[in-house]
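S.K.:
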Amino acid sequence: MVGRATIADLAEQAGVSVSTIDRILNGRANVRSATAARVLAAAEELRFYALPTLRERLRADRPAIRLGFILQQSHRTFYQMIAEALRLAGSENSEPVEVVVEHMDDLSPEAVSNRMLRLGEQVQALAVVSAEHPRVTHAIETLAGSGVPTYGLISELTAPCGVGYIGLDNWRVGRTAAWAMAGLSKKPGRVGILVGNHRYRCQELNESGFRSYFREYAPQFTLLEPVQTFEDRSIAREVTEQLLQREPDMVGLYISGGGMVGVLQALKASGRGPSIVAVGYEMTIHTRMGLIDHDLALVLAHPIARMAADAVAQMLHDLRTEAPPGKRVIGFDIYTPENI
C-alpha cells in the first residue's frame, strides 16, 4: 500500500466497521477476543500509525489470561533466569497476560503433582519442569478434565490426554555433545556420564543421543554407566570425585543433568579439568567460569529468552484456537572458551 493506512483501510483489512475501529481508538468499545486478534493482525500488517494506542486499548478491554509455570528450585541460577524471562515475555505480549511462576524445592512426584493441581485451579494453562511419574501423569489428566492444558517445559511429559512441550530436541543435543567430545579428545578412552534423574525424559534422550553418536562414529571410546546426581550440587560433587578417583585415565565427562556447580567444584579441586573434555549444560555464571578456566570444553544451552517467548506464545495460541496443547522445539546455543 502506498502512503499511510487510514482507519477505513484498517477496518476493511480486519473485516469490521469504521465505527468499530473509531470506538476502539477512543476507548469506547469492548470487543471479542477473535475480533481483537483480527484488528491487531491487520494493524500490524498495514503498519497502522496508531498501532501502539490500538494495542493499549485492546489490552485494557480484555481480561488477562493467566499462564502458570512450575519451575525447580529457586536457588538455582538457571531457574531464576527462566522465571525472569517468562515474566518479561508475558509483559511484552500484545495480549494481556499474567504469568504466575512458582518454584519447587521438594521435587518428589507427590509434591509436584499436588502443586500442579493447586496452581491449575488458578490458571488457564500450565507448564511444568518435572520428571516423568504416574502421579504427574494423573495430575495432567485431572487438569485436562477441568479444561486446563499442561505443557512439559524443558523435559517432555506424557499422558493419554496429550501434553504440550516447549524445549530442545534433546536427542540431537546428546549427539552434538558426543560429536564435540570425540573431536576434541586427543585420544580414545573412557567417558563418564552424569545424569540428574533417569525419570527426566530430556536427560534420558540426551544420553541416548550421546551413546548413539559414539556407537555410529567413535566406537573406540568406552562409555561408562551413568551416575545420578539427583539434581543436587553436594551429591554431584561427591559422585564426581568418586568417578575421578575410580577412573584416573578418563578422557571425557558428559554432564547431562543437574548438579553442575558440584561437578565443577570437583573438577577444579582435582586439577584434572583441563585434561578432560567435559561437556555440560546451560550458560550461567558458574559454567561461564568453567569455560574460562577450561574445566569445561563446551556448554550446550537453552536460549532462555526465546524459550520463554515461545512458551507464552504457544500456550496463548492453543487457548485462542481451542487446539490441543502443541509443541515448539527450539534450537540450542553452543558456547566454547573462545566465544563467551
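Mapping the sequence shown onto UniProt numbering, position 295 (from 1) lands on 295, and the numbers just tick up by one.
Ideal Cβ placement from N, Cα and C applies to all residues, glycine included.
It should be emphasised that the depicted structure is a prediction, and the values quoted were computed from it without experimental measurement.
Determine which residues share a DSSP beta bridge with Q228 and list them.
M.R.: Partner(s): V195.
S.K.: Just to confirm, is the Cβ distance from A309 to A85 under 9 Å?
M.R.: Contact flag set, yes.
S.K.: Please state whether DSSP places L291 in a helix, a strand or coil.
M.R.: Helix.
S.K.: Within the stretch 301-339, note down every full alpha helix (DSSP H) run reaching 4 residues or more, in order along the chain.
M.R.: 304-321, all fully within the stretch 301-339.
S.K.: With R115 as the anchor, note down where its alpha helix (DSSP H) starts and where it stops.
M.R.: Its alpha helix (DSSP H) spans residues P109 to G120.
S.K.: Sorted by chain position, which residues of the same chain lie with C-beta nearer than 6 Å to residue 353's C-beta, five sequence neighbours on each side aside?
M.R.: Look at the range of the chain in this structure, 1 to 340, and you will see that residue 353 is not part of it.
S.K.: Are P109 and V148 touching if we call contact CB-CB under 9 Å?
M.R.: Not closer than 9 Å, so no.
S.K.: Would you report the Cα separation of L71 and I24, rounded to the nearest angstrom?
M.R.: Each residue's Cα considered, the two are about 38 Å apart.
S.K.: Following the continuous beta strand (DSSP E) through F69, name the residue where it begins and the one where it ends.
M.R.: I65 to L71 is the extent of the beta strand (DSSP E) around F69.
S.K.: If you reduce the DSSP assignment to three classes, tell me which class E56 lands in.
M.R.: Helix.
S.K.: Flag this pair as touching only if the stretch 309-326 and the stretch 159-178 have three or more C-beta atom pairs under 8 Å; answer yes or no.
M.R.: Contact holds: three or more Cβ-Cβ distances are below 8 Å.
S.K.: For residue 348, does the three-state DSSP call read helix, strand or coil?
M.R.: No answer is possible for residue 348: the residues shown for the chain start at 1 and end at 340.
S.K.: Short check: CB of G174 to CB of Y213, under 9 Å?
M.R.: Yes, these two residues count as a Cβ contact at 9 Å.
S.K.: Spatial neighbours of I140 within its chain, please: C-beta separation below 8 Å, excluding the five flanking residues on both sides.
M.R.: Correct list, in chain order: M116, T150, L157, A159, C161 and V163.
S.K.: Rounding to the nearest angstrom, what Cα-Cα distance links residue 341 and T321 in this structure?
M.R.: Only positions 1 to 340 of the chain appear in this structure, which leaves residue 341 out of reach.
S.K.: Where do the ends of the alpha helix (DSSP H) carrying V261 lie?
M.R.: Its alpha helix (DSSP H) spans residues M260 to S270.
S.K.: Could you pull the DSSP bridge partners for G145 from this structure?
M.R.: According to DSSP, which records beta bridges pairwise, G145 is partnered with nothing at all.
S.K.: Looking at the unbroken alpha helix (DSSP H) that takes in T6, where does it start and where does it end?
M.R.: It is not in any alpha helix (DSSP H) - T6 carries neither H nor E in the DSSP assignment.
S.K.: Could you give the distance in angstroms between the alpha-carbon of E12 and the alpha-carbon of L46?
M.R.: About 11 Å.
S.K.: Quick one: grab the DSSP three-state call for Y217.
M.R.: Helix, per DSSP.
S.K.: Let me make sure I understand the geometry here. Which of I340, A178, D232 and I330 has the alpha-carbon closest to that of H75?
M.R.: The candidate whose alpha carbon is nearest that of H75 is D232.
S.K.: When the distance is taken between beta carbons, is L253 closer than 9 Å to V299?
M.R.: Against a cut-off of 9 Å, the Cβ pair of L253 and V299 comes out as no contact.
S.K.: Pull up the distance between the alpha-carbon of T336 and that of D249, whole angstroms please.
M.R.: For T336 and D249, the distance between alpha carbons rounds to 23 Å.
S.K.: Restricting to Cα atoms, I'd like to know which of S208, E95, R237 and Y200 is closest to L319.
M.R.: Taking only the C-alpha atoms, the option nearest L319 is E95.
S.K.: Go to V97, then tell me how far its beta strand (DSSP E) extends in each direction, as first and last residue.
M.R.: Taken as a continuous stretch (DSSP letters only), the beta strand (DSSP E) holding V97 covers V97 to H103.
S.K.: Could you tell me whether the stretch 228-247 touches the stretch 201-210, where touching means 3 or more Cβ pairs closer than 8 Å?
M.R.: Segments in contact, no.
S.K.: From residue 360 to Q73, what does the alpha carbon distance come to, in whole angstroms?
M.R.: This structure cannot speak to residue 360, because the chain is shown only from 1 to 340.
S.K.: Could you tell me which residues DSSP puts in a beta bridge with I255?
M.R.: DSSP lists L194 as partners of I255.
S.K.: Using 10 angstroms around the beta-carbon of I193, count the other beta-carbons present and answer buried if the total reaches 16, otherwise exposed.
M.R.: Per the 10 Å Cβ criterion, buried.
S.K.: Secondary structure at G273, three-state DSSP: helix, strand or coil?
M.R.: Helix, per DSSP.
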